[in-house]
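Presented below is the structure to which this report refers.
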Amino acid sequence: MKRILLLTFLCFTIGTSWSQRSQIIAYMDMEYILENVPEYLEAQNTLDKKVVKWREKLDKEARFIEVLKSDLANEKIILTKDLIEEKEEEITIKQGQLRRLESLYFGPNGDLFSLRKQLVKPIQDRVYNAIQTIAAKKRYDFVFDKSSELVLLYSNKKYDISDLILRAIDR
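The sequence shown begins at -14 in the working numbering and counts up by one.
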């Protein structure tokens, strides 16, 4: 009977201590990591240049539409009804083309999305793989991103694994 009680007590104690194992938590700063990866900075620079080029093209088209509208307003009194309708239709067509072009560049499946996926995703994958490796090796239960919308009211620098991740990426 004593053995059964002792064995039950031992099982209960081991089970309780195992379930109360403290969880190991770390955090990292994705912005800091990406700012220190040269490939990411190059990719971001390429994206920024493309965006500027596309914006200039869209602005040029928008200015052209404004000129058409202004010309129509100025000439409206001397144009026939058919010519007015024709010019209004031309303006409507140009506005539709502008919206389609903007969607082509900046839409959910647009060129910017595709280019970002092509240039930035491999770098982000390297970062996430490094995080997975470090978390598994150090046996972290959770790794939080300090730069995300998650609010970290306080964080001790000794739990920051950002530099560890950077070293793992550089290998």
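Note that beta-carbon positions come from the ideal geometry of N, C-alpha and C, so glycine has one too.
Remember, predicted model here, so these are calculated numbers, not experimental data.
Local conformation of residue 22 per DSSP, three classes: As a first step, residue 22 is located in the sequence shown; it is residue number 37 there, counting from the start. Residue state, collapsed to three classes: coil.
Exposed unless 16 or more other CB atoms sit within 10 angstroms - verdict on residue 115: Sequence index remark: in the sequence shown, residue 115 carries index 130 (1-based). Under this definition residue 115 is a buried residue.
Cα-Cα separation, residue 109 to residue 102: As a first step, residue 109 is located in the sequence shown; it is residue number 124 there, counting from the start. As a first step, residue 102 is located in the sequence shown; it is residue number 117 there, counting from the start. When rounded, the distance between both Cα atoms is 10 Å.
Of the residues 124, 84, 144 and 125, the one placed nearest residue 131, counting alpha carbons only: Residue 131 sits at position 146 when you count from the first residue of the sequence shown. If you compare the alpha carbons of 124, 84, 144 and 125 with that of residue 131, the shortest gap goes to 144.
Residues near residue 14 in its chain [Cβ-Cβ closer than 8 Å; skip 5 each side]: The count along the sequence shown starts at 1 and reaches residue 14 at position 29. Same-chain partners within the cutoff: 130, 131, 132, 145 and 147.
Cβ-Cβ distance between residue 97 and residue 36 below 8 Å: Within the sequence shown, residue 97 is the residue found at index 112, counting from 1. Within the sequence shown, residue 36 is the residue found at index 51, counting from 1. Yes, Cβ-Cβ distance for residue 97 and residue 36 is below 8 Å.
Under the three-state DSSP convention, the category residue 12 falls into: Taking the sequence shown and counting its residues from 1, one reaches residue 12 at position 27. Strand, per DSSP.
Rounded Cβ spacing between residue 89 and residue 72 (contact assumed at less than 8 Å): Position 104 of the sequence shown holds residue 89. Position 87 of the sequence shown holds residue 72. With 8 Å as the limit, residue 89 and residue 72 do not qualify as a contact, their Cβ atoms being about 26 Å apart.
Coil, strand or helix - residue 155 by DSSP: Along the sequence shown, one-based indexing puts residue 155 at 170. Correct three-state label for residue 155: helix.
Start and end residues, beta strand (DSSP E) containing residue 130: The residue you call residue 130 lines up with position 145 of the sequence shown. Note, residue 130: beta strand (DSSP E), 127 to 130.
Buried or exposed by the 16-neighbour rule on C-beta atoms within 10 Å, applied to residue 52: Reading the sequence shown from its first residue, position 67 is the one you call residue 52. With fewer than 16 other Cβ atoms within 10 Å, it is exposed.
Buried versus exposed, by CB contacts within 10 Å (16 or more), residue 19: The sequence position of residue 19 within the sequence shown is 34, counting from 1. Counting Cβ neighbours within 10 Å, residue 19 comes out buried, since at least 16 surround it.
Check: residue 74 C-beta below 7 Å from any heavy atom of the ligand NAD: Annotation note on the ligand NAD: not contained in the displayed structure, which lists no ligands.
Buried/exposed call for residue 62, threshold 16 Cβ in 10 Å: The residue you call residue 62 lines up with position 77 of the sequence shown. Under this definition residue 62 is an exposed residue.
DSSP bridge partner residues for residue 145 (one or two, in chain order): Looking up residue 145 in the sequence shown gives position 160. Answer is 12, bridged to residue 145.
Straight-line Cα distance separating residue 118 from residue 127: Here residue 127 is taken as the residue at index 142 of the sequence shown, counted from 1. Here residue 118 is taken as the residue at index 133 of the sequence shown, counted from 1. Cα-Cα distance, rounded: 13 Å.
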